[in-house]
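Residue numbers (this note's numbering): 1 to 119.
See below:
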(Lines of atoms letter the chains of each structure in order from A; the text may use other names.)
(Lines give C-alpha, C1' and ligand atoms only; values in the text may rest on other atoms or scores of the structure.)
Protein backbone atom coordinates (compact mmCIF):
# COMPACT_ATOMS: atom_id res chain seq x y z
CA UNK A 1 0.00 0.00 0.00
CA UNK A 2 1.37 3.42 -0.92
CA UNK A 3 1.67 6.34 1.49
CA UNK A 4 -1.04 8.20 -0.45
CA UNK A 5 -3.42 5.24 -0.10
CA UNK A 6 -2.74 5.01 3.64
CA UNK A 7 -3.39 8.73 4.02
CA UNK A 8 -6.70 8.50 2.12
CA UNK A 9 -7.81 5.56 4.27
CA UNK A 10 -7.16 7.58 7.43
CA UNK A 11 -9.41 10.43 6.32
CA UNK A 12 -12.73 10.59 8.11
CA UNK A 13 -15.01 13.40 6.88
CA UNK A 14 -15.33 16.14 9.50
CA UNK A 15 -12.60 14.62 11.68
CA UNK A 16 -9.01 15.70 12.23
CA UNK A 17 -6.76 12.67 12.66
CA UNK A 18 -4.14 13.33 15.32
CA UNK A 19 -1.04 11.74 13.81
CA UNK A 20 2.70 12.31 14.00
CA UNK A 21 2.59 15.30 11.67
CA UNK A 22 -0.10 17.01 13.72
CA UNK A 23 1.78 16.16 16.93
CA UNK A 24 4.85 17.98 15.61
CA UNK A 25 2.75 20.98 14.54
CA UNK A 26 1.01 21.11 17.91
CA UNK A 27 4.01 20.59 20.18
CA UNK A 28 4.04 24.17 21.53
CA UNK A 29 0.27 24.23 22.08
CA UNK A 30 0.29 20.88 23.86
CA UNK A 31 3.31 21.87 25.94
CA UNK A 32 1.46 25.02 27.04
CA UNK A 33 -1.65 23.01 27.92
CA UNK A 34 0.46 20.55 29.93
CA UNK A 35 1.72 23.49 32.00
CA UNK A 36 -1.84 23.95 33.28
CA UNK A 37 -1.26 21.08 35.69
CA UNK A 38 0.11 23.86 37.88
CA UNK A 39 -2.33 26.29 39.51
CA UNK A 40 0.29 29.03 39.17
CA UNK A 41 0.42 28.51 35.41
CA UNK A 42 -3.38 28.55 35.11
CA UNK A 43 -3.43 31.84 37.00
CA UNK A 44 -0.66 33.30 34.83
CA UNK A 45 -2.59 32.36 31.68
CA UNK A 46 -5.77 33.98 33.00
CA UNK A 47 -3.87 37.16 33.92
CA UNK A 48 -2.41 37.61 30.42
CA UNK A 49 -3.33 35.06 27.77
CA UNK A 50 -1.35 36.77 25.02
CA UNK A 51 1.88 36.87 26.99
CA UNK A 52 1.41 33.28 28.11
CA UNK A 53 0.82 32.05 24.54
CA UNK A 54 3.89 33.99 23.37
CA UNK A 55 5.94 32.47 26.18
CA UNK A 56 5.25 29.06 24.62
CA UNK A 57 5.86 30.27 21.05
CA UNK A 58 2.42 29.42 19.75
CA UNK A 59 1.89 30.15 16.07
CA UNK A 60 -0.65 32.79 15.12
CA UNK A 61 -2.98 30.00 13.97
CA UNK A 62 -2.72 28.36 17.39
CA UNK A 63 -3.25 31.67 19.17
CA UNK A 64 -6.35 32.36 17.08
CA UNK A 65 -7.67 28.89 17.88
CA UNK A 66 -7.19 29.48 21.62
CA UNK A 67 -8.78 32.93 21.40
CA UNK A 68 -11.80 31.41 19.61
CA UNK A 69 -12.46 28.97 22.48
CA UNK A 70 -13.35 26.43 19.78
CA UNK A 71 -11.86 23.05 20.62
CA UNK A 72 -12.11 21.79 17.03
CA UNK A 73 -9.99 24.72 15.84
CA UNK A 74 -7.44 23.91 18.54
CA UNK A 75 -7.33 20.28 17.41
CA UNK A 76 -6.84 21.38 13.80
CA UNK A 77 -3.96 23.57 15.05
CA UNK A 78 -2.26 20.49 16.51
CA UNK A 79 -3.84 20.30 19.95
CA UNK A 80 -4.23 16.84 21.42
CA UNK A 81 -7.67 16.31 23.01
CA UNK A 82 -6.11 15.11 26.29
CA UNK A 83 -4.11 18.31 26.74
CA UNK A 84 -6.86 20.55 25.40
CA UNK A 85 -9.15 19.31 28.17
CA UNK A 86 -6.89 21.16 30.61
CA UNK A 87 -7.34 24.37 28.64
CA UNK A 88 -11.08 23.84 28.24
CA UNK A 89 -11.36 23.62 32.03
CA UNK A 90 -9.77 27.05 32.38
CA UNK A 91 -12.44 28.40 30.03
CA UNK A 92 -15.17 26.82 32.14
CA UNK A 93 -16.06 24.27 29.47
CA UNK A 94 -17.04 20.73 30.42
CA UNK A 95 -17.20 17.60 28.28
CA UNK A 96 -20.79 18.34 27.26
CA UNK A 97 -19.74 21.79 25.99
CA UNK A 98 -17.00 20.13 23.96
CA UNK A 99 -19.38 17.46 22.66
CA UNK A 100 -21.80 20.18 21.58
CA UNK A 101 -19.01 22.00 19.74
CA UNK A 102 -17.92 18.81 18.02
CA UNK A 103 -21.42 17.95 16.85
CA UNK A 104 -22.42 21.50 15.95
CA UNK A 105 -25.39 21.77 18.30
CA UNK A 106 -26.15 23.71 21.46
CA UNK A 107 -25.20 22.24 24.81
CA UNK A 108 -28.88 21.74 25.60
CA UNK A 109 -29.44 19.84 22.34
CA UNK A 110 -26.35 17.72 23.03
CA UNK A 111 -27.63 16.92 26.54
CA UNK A 112 -31.00 15.92 25.05
CA UNK A 113 -29.19 13.55 22.66
CA UNK A 114 -27.37 11.98 25.60
CA UNK A 115 -30.59 11.52 27.55
CA UNK A 116 -32.36 10.05 24.51
CA UNK A 117 -29.48 7.65 23.89
CA UNK A 118 -29.68 6.42 27.48
CA UNK A 119 -33.43 5.87 27.42
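Every residue gets a Cβ at the ideal spot worked out from N, C-alpha and C, and that includes glycine.
Distance between residue j and residue i (C-alpha atoms, nearest Å)
i           : j           : result
residue 111 : residue 54  : 36 angstroms
residue 17  : residue 11  : 7 angstroms
residue 75  : residue 119 : 31 angstroms
residue 23  : residue 58  : 14 angstroms
residue 108 : residue 48  : 31 angstroms
residue 36  : residue 115 : 32 angstroms
residue 113 : residue 103 : 11 angstroms
Nonlocal neighbours in the same chain, by C-beta distance under 7 angstroms from residue i, ignoring five residues either side
i           : result
residue 83  : 30, 33 and 34
residue 106 : 100
residue 120 : Outside the modelled stretch of the chain, which goes from 1 to 119, sits residue 120, for which no answer is possible.
Residue i and residue j closer than 8 angstroms at C-beta
i          : j           : result
residue 70 : residue 101 : yes
residue 20 : residue 79  : no
residue 77 : residue 65  : yes
residue 28 : residue 56  : yes
Contact set for residue i: own chain, Cβ-Cβ below 6 angstroms, skip 5 residues either direction
i          : result
residue 63 : 53
Min CB distance residue i to chain D below 8 angstroms
i          : result
residue 40 : In the displayed structure, chain D is absent; only one protein chain is listed.
Same chain, Cβ closer than 8 angstroms to residue i, five either side skipped, listed in chain order
i          : result
residue 46 : 90
residue 61 : 77
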